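Undergrad: Sequences listed follow chains L and P, in order.
The numbering of the first sequence is the numbering used here, which starts it at 2 and goes up by one.
The numbering of the second sequence is the numbering used here, which starts it at 681 and goes up by one.
Dropping a structure here in structure tokens format, bear with me for questions.
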Amino acid sequence: MASLQEYLFISGLLFAIGLAGVLIRRNIIVIFMCLELMLSAANLTLVAFSRFNTGENGLPDYNGQVLVFFIITVAAAEVAVGLAIIVALYRARQTVDVKDLTSMRG
Amino acid sequence: MLELLSWTMLLLPLCSAAVIQLLLREMADTAIRISVGSVAATFVIALLLLESEDRTLTVQWANAGSFHIEIGLIIDDLSRGMMIVVTGVGLLVHLFSLAYMKEDEARGRYFAGLSIFMFSMTGIVLASNFIMMFIFWELVGFSSYLLIGHWFQKDSAAEAAKKAFLVNRIGDFGFMIGILMLWGILGTFAFREMAGSATLLVDSNSTLTGIAVLLVFCGALGKSAQVPLHVWLPDAMEGPTPVSALIHAATMVAAGVYMLFRLQFSAGIEIFEGFAGTTIAWVGGITSLLAALMATQQDDIKRVLAYSTLSQLGYMVMAVGLAGDHSGEAGMFHLYTHAWFKALLFLGSGAVIYACHHEQNIWKMGGLFQRMRKTTITFAIGTAALMAIYPLSGFWSKEQILEAAHHDQPVLFWLAIIVATLTPFYMTRLFIVAFLGKSRGHGAQEAKEVPPIMLYPLFALSCMSVIAGFTPVAEKLSPAFHHPSHSFSPTNPVFLISLAALLIGISSGILLYRGRDSDPLAGNRLFKVFRNKFYFDEAYLVLVRVFQNAVAVVVHFLDDFVIGNLIVGGLVRSASGVGNLFRKLQSGNLQGYAFLFGAGIILIIYLTVFAR
């Protein structure tokens, strides 16, 4: 059985990969996917803590897992809205490359 | 009663000037009457005060603990005599100006200027302390500026007025420092409190006293136009001739000598001993020599008289500086006699200029004796007095100075004798060329005698030139007159030497200039140096230019590089650099913003979790 540290390590790694993707990738849709990756990492952290924390009278603490459900729901809604914005952006600028979306000259 | 009269004597000309300047400049004739009336009234008061006893009237002006400045009038032997000179010559000049300036449009302004001058000069003469004297000293310089620049539309006159004022200011700078030093040494500004303190202080720190006296002498250098600050006086001849007679012959330029003698009179003669007195005497001697040399080659009648004034002022300064037995009194006596005959000469030249339609070059005059007999005779009397012919007034005062020089400093005596040779020479030259012979110029051919109102002052001044030297008259009227210790005798060696000098001068003048149409010495290289005034003006121009350029280069460097480039430019560059730095934060790059966002969060987490 894996210990809490290993779960947290995985989730941290996932978060870092997601963050790196947001900062480095040029395609907006890929940036969005990395954003979702960061969210998943947070979910994994919550589940891990929920698994390894026992609450009072010996029963496991399910608060974390309930929060994960909320997060998944909100993430879904957010993806819907975000993709709508990306489509609108594509229609306006004819590109999904972040570098081409900069309108300032500095 | 006498107090009221004394204050009136000082303040009446000021009121006259104020009234004219503020109200009456356009109503010139009323203005003239007020001005002449005020000077006549002050002359009467000066006569009335002749018999009064010595007194000092003061009003406290500024107090700060033990330091106080007063405004006061000192009425003693010295100031009574000077007031006679100032108001007497002033009255005669005012009368002369009535005719001379009759057609001038700005005569209201002119008479206001004359009134301001009378006020300022009275202030210097009657001042009871150094601070008040300094205030009026500056005022006199200001009125001189006004009057020299009366015809300011002419460039040369405006330049001359500026030059006079600036050169005077240079002297006044030293004067102020000298006054303050003397205050530090003597403990007071007031003349009556200085009495007897000279012996004490000369023993204690004579170098400091000597330096203080020399700095005070700087004021006399400027005002009385001694070398090297003499350059303004010939240029000051740009003013109207009555102004030259009043200010630059009789009164203002004498103020320097008066101030030195007042110091000697009040603080004791010991204050002039040592290097201070010797320097003053030598400066006076050198001035009189250089001025006499320059006078021998001038062609403008007023310039000759101006250099002659410089030369005689040199005599007076030399006498005061000798600090011998009553040599200062001899200097003052010469000041008094010189005022009369020099004013006569200047007014006479004014009459000549007026008659010749403002021609001033003596080589374009000539033959005026036939046309203007009375003026010529008065001019001749003035010339004789200046040349110190016995028994006219100039003779007595010059003899006193020569005696004092012979007694104390033989080298200066021989210098004075050389000047006594040159003076008759250039005056003979002037008289022969301008008055005798045949008329050379258009103006001279049409000259006729001047109106009576110009002649009366000339007559009055001639009388004074003749009688002012005699002991009974001089006793009453001359400032601080001292009876000569031995009466006149024809076998006195000083008299014989000076008589020889006189005869040599006159005869060489007659020989060289009789019947000439142009100056025979003009081509000679040495005499060209005299004609060009020893190139003093050119030297000053170069000096001013060199210093001005040096200062300008330094200031330009400071302004351009230090202030412009370093400070202002530096501020600009740093502001723009910082701005550039902050500009990079707003790149419009999405991922850049995201990066900063992430970095900020990591920083916050570190600060809150790990840095406790």
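Positions of the beta carbon are idealized from the N, C-alpha and C atoms, including for glycine.
Fair warning: this is a prediction, and the values are worked out from it, not measured in the lab.
#1: Can you tell which of P:Ser1267, P:Leu1283, P:Thr989 has the C-alpha that lies nearest to the C-alpha of L:Val99?
#2: Taking CB distances under 8 Å as the criterion, tell me whether P:Phe1262 reaches chain L.
#3: State the DSSP-derived secondary structure class of P:Glu1039, mapped to helix, strand or coil.
#4: In the segment 1266 to 1291 of chain P, which residues sit with their C-beta less than 8 Å from some C-beta in chain L, listed in chain order?
#5: Taking a contact to mean a Cβ-Cβ separation below 8 Å, would you say P:Phe845 touches P:Val820 in this structure?
#6: If we call anything under 8 Å between Cβ atoms a contact, is P:Thr921 one with P:Tyr1106?
#7: To be precise: take each residue of the segment 6 to 31 of chain L, compare its Cβ to all Cβ atoms of chain P, and keep it if any distance is under 8 Å. Which residues remain?
#8: Closer than 8 Å, CB to CB, is L:Val99 near chain P or not?
#9: Quick one, which of L:Gly19, L:Val23, L:Phe50 has its alpha-carbon nearest L:Ala3's?
#10: Along the chain, where does the beta strand (DSSP E) that runs through P:Gly752 open and close?
#11: Quick check: the Cα distance between L:Ala93 and P:Leu1238, rounded to an integer number of angstroms?
#12: Please report the Cβ distance between P:Ala975 and P:Ile1097, rounded to the nearest whole angstrom; I am assuming they are in contact, meaning their Cβ atoms lie under 8 Å.
#13: Using only alpha-carbon positions, find the residue among P:Gly890, P:Ile865, P:Gly899 that is nearest to P:Ile804.
#14: Tell me the residue span of the alpha helix (DSSP H) that contains P:Leu913.
#15: What is the rounded straight-line gap between the Cα of P:Ile951 and the Cα of P:Val1032?
#16: Roughly how many angstroms separate the alpha carbons of P:Ala870 and P:His1018, rounded to a whole number?
#17: What number of angstroms, rounded off, separates the C-alpha of P:Gly829 from the C-alpha of P:Gly919?
#18: Can you pull the chain P residues whose beta carbon is under 7 Å from the beta carbon of L:Thr46, in chain order?
#19: Less than 8 Å separating the beta-carbons of P:Leu894 and P:Thr958?
#20: Tell me the start and end of each unbroken alpha helix (DSSP H) in the segment 890 to 971 of chain P that is at least 4 residues and wholly inside, in chain order.
#21: Under a three-way DSSP split, which group does P:Leu1072 fall into?
#22: Just curious, the beta strand (DSSP E) that P:Trp741 is in, first and last residue?
#23: Start and end of the alpha helix (DSSP H) containing P:Asp835?
#24: The alpha helix (DSSP H) spanning P:Val1248 covers which residue range?
#25: Does the pairing of the segment 997 to 1011 of chain P with the segment 979 to 988 of chain P give three or more beta-carbon distances under 8 Å?
#26: Taking the Cβ atom as the reference point for each residue, do P:Tyr1136 and P:Leu775 lie within a distance shorter than 8 Å?
#27: With P:Leu1138 and P:Gly1028 assumed to form a contact (beta carbons below 8 Å), what rounded beta-carbon distance in angstroms separates them?
#28: For P:Asp1197, list the residues DSSP reports as bridge partners.
#29: To which residues of the same chain is P:Val1209 closer than 8 Å at the C-beta, ignoring the five residues directly before and after it?
#30: Where does L:Pro61 sit, in a helix, a strand or coil, going by DSSP?
#31: In chain P, what lies closer than 9 Å to L:Met105 by C-beta?
#32: At the 8 Å Cβ level, is L:Leu68 part of the contact set with chain P, yes or no?
#33: When you measure from the CB of P:Gln978 to every non-hydrogen atom of the ligand MG, does any distance come out below 7 Å?
#34: What are the partner residues of P:Asn809, as DSSP defines its beta bridges?
#35: The alpha helix (DSSP H) with P:Thr722 in it runs from where to where?
#36: Please name the residue, chosen from P:Gly717, P:Leu685, P:Leu684, that lies closest to P:Ala697 on a Cα-to-Cα basis.
TA: From the atom records:
#1: As a first step, residue 99 of chain L must be located in the first sequence, where it is residue number 98. Minimum Cα distance to L:Val99 is reached at P:Ser1267.
#2: Position 582 of the second sequence, counted from the start, is the residue given in the question as residue 1262 of chain P. For P:Phe1262, the answer is no, since every Cβ of chain L falls outside 8 Å of its Cβ.
#3: Here residue 1039 of chain P refers to the residue found at position 359 when the second sequence is read from its first residue. Looking at P:Glu1039 - three-state DSSP - the assignment turns out to be coil, as it is neither helix nor strand.
#4: Gln1266, Ser1267, Gly1268, Asn1269, Leu1270, Gln1271, Ala1274, Phe1275, Gly1278
#5: The count along the second sequence starts at 1 and reaches residue 845 of chain P at position 165. The count along the second sequence starts at 1 and reaches residue 820 of chain P at position 140. Going by C-beta atoms, P:Phe845 is not nearer than 8 Å to P:Val820.
#6: Position 241 of the second sequence, counted from the first residue, corresponds to residue 921 of chain P. Position 426 of the second sequence, counted from the first residue, corresponds to residue 1106 of chain P. Contact flag unset, no.
#7: Leu20, Val23, Leu24, Ile25
#8: Taking the first residue of the first sequence as position 1, residue 99 of chain L is located at position 98. Yes - at least one Cβ of chain P is within 8 Å of the one on L:Val99.
#9: By 1-based counting over the first sequence, the position of residue 3 of chain L is 2. For the residues L:Gly19, L:Val23, L:Phe50, the minimum Cα distance to L:Ala3 belongs to L:Phe50.
#10: Stepping through the second sequence from its first residue, residue 752 of chain P is reached at position 72. 747 to 755 is the span of the beta strand (DSSP E), which, as asked, contains P:Gly752.
#11: Walking along the first sequence from the start, residue 93 of chain L turns up at place 92. Walking along the second sequence from the start, residue 1238 of chain P turns up at place 558. Their backbone Cα atoms lie some 59 Å apart in a straight line.
#12: Translated into the one-based positions of the second sequence, residue 975 of chain P becomes position 295. Translated into the one-based positions of the second sequence, residue 1097 of chain P becomes position 417. About 17 Å; that fails the 8 Å criterion.
#13: Along the second sequence, one-based indexing puts residue 804 of chain P at 124. For the residues P:Gly890, P:Ile865, P:Gly899, the minimum Cα distance to P:Ile804 belongs to P:Gly899.
#14: For this step, residue 913 of chain P is matched to residue 233 along the second sequence. Taken as a continuous stretch (DSSP letters only), the alpha helix (DSSP H) holding P:Leu913 covers 912 to 915.
#15: Counted from its first residue, the second sequence places residue 951 of chain P at position 271. Counted from its first residue, the second sequence places residue 1032 of chain P at position 352. One C-alpha to the other measures close to 45 Å.
#16: As a first step, residue 870 of chain P must be located in the second sequence, where it is residue number 190. As a first step, residue 1018 of chain P must be located in the second sequence, where it is residue number 338. Their backbone Cα atoms lie some 29 Å apart in a straight line.
#17: In the second sequence, the residue the question calls residue 829 of chain P occupies position 149. In the second sequence, the residue the question calls residue 919 of chain P occupies position 239. Roughly 6 Å separates the two Cα atoms.
#18: As a first step, residue 46 of chain L must be located in the first sequence, where it is residue number 45. By Cβ distance, chain P contributes nothing, its closest Cβ being about 14 Å from L:Thr46, past 7 Å.
#19: In the second sequence, the residue the question calls residue 894 of chain P occupies position 214. In the second sequence, the residue the question calls residue 958 of chain P occupies position 278. No, the Cβ-Cβ distance between P:Leu894 and P:Thr958 is not below 8 Å.
#20: 912 to 915, 921 to 925, 934 to 947
#21: The residue you call residue 1072 of chain P lines up with position 392 of the second sequence. In the structure shown, P:Leu1072 sits in coil (DSSP, three-state: anything other than H, G, I, E or B).
#22: Locating residue 741 of chain P in the second sequence gives position 61, counting from the first residue. Its beta strand (DSSP E) spans residues 735 to 744.
#23: Numbered from its first residue, the second sequence carries residue 835 of chain P at position 155. P:Asp835 -> alpha helix (DSSP H) spans 835 to 866.
#24: Counting from one through the second sequence, the residue named residue 1248 of chain P turns up at place 568. P:Val1248 -> no alpha helix (DSSP H), and no H or E assigned at all.
#25: no
#26: Here the question's residue 1136 of chain P lines up with position 456 in the second sequence. Here the question's residue 775 of chain P lines up with position 95 in the second sequence. Taking 8 Å as the Cβ cut-off, P:Tyr1136 and P:Leu775 qualify as a contacting pair.
#27: Indexing the second sequence from 1 puts residue 1138 of chain P at position 458. Indexing the second sequence from 1 puts residue 1028 of chain P at position 348. Indeed they touch by this definition, with Cβ atoms about 6 Å apart.
#28: Looking up residue 1197 of chain P in the second sequence gives position 517. Answer by DSSP bridge pairing: none, since P:Asp1197 is not bridged.
#29: By 1-based counting over the second sequence, the position of residue 1209 of chain P is 529. Same-chain partners within the cutoff: Tyr1215.
#30: Counting from one through the first sequence, the residue named residue 61 of chain L turns up at place 60. In the structure shown, L:Pro61 sits in a strand (DSSP, three-state: E or B).
#31: Counted from its first residue, the first sequence places residue 105 of chain L at position 104. Those within 9 Å of L:Met105 in chain P are Gln1266, Ser1267, Gly1268, Asn1269.
#32: Here residue 68 of chain L corresponds to residue number 67 of the first sequence, with the count starting at 1. No, because no Cβ of chain P sits closer than 8 Å to the Cβ of L:Leu68.
#33: In terms of ligand content, the structure shown is empty, and the ligand MG therefore cannot be addressed.
#34: Here the question's residue 809 of chain P lines up with position 129 in the second sequence. BP columns for P:Asn809 point to P:Ala870.
#35: Against the second sequence, residue 722 of chain P aligns to sequence position 42. P:Thr722 -> alpha helix (DSSP H) spans 708 to 729.
#36: By one-based count along the second sequence, residue 697 of chain P stands at place 17. The residue with the shortest Cα to Cα distance from P:Ala697 is P:Gly717.
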